[in-house]
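For what it's worth, this note's numbering labels the leading residue of the sequence shown as 35, then goes sequentially.
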Amino acid sequence: MEDERNKNVYHDHNDCSDGLRIKAGHKQQVTANRRHCDECVKKA
Ligand SMILES: [Zn+2]
């Protein structure tokens, strides 16, 4: 469940640990239907 949720967000901070982890596995370029990652929001 938590994995699903993480897949449905996008990251725009290079220092977001969740974003780095996801980018390492599979890059996500489509952000239109995704909401902003909570960590990235905090960093914004
Ligand atoms: Zn993030």
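C-beta: ideal position from N, C-alpha, C; glycine also.
None of these values were measured; they are calculated from a predicted model.
- Message: Given a cut-off of 9 Å on the beta-carbon distance, is the pair His70 and Asp46 in contact?
- Response: Against a cut-off of 9 Å, the Cβ pair of Asp46 and His70 comes out as a contact.
- Task: Apply the 10 Å Cβ neighbour rule to Val43 and answer buried if 16 or more other Cβ atoms are within range, or exposed otherwise.
- Result: buried
- Message: Can you tell me where the alpha helix (DSSP H) holding Asp72 begins and where it ends?
- Response: Element bounds for Asp72: 72-77.
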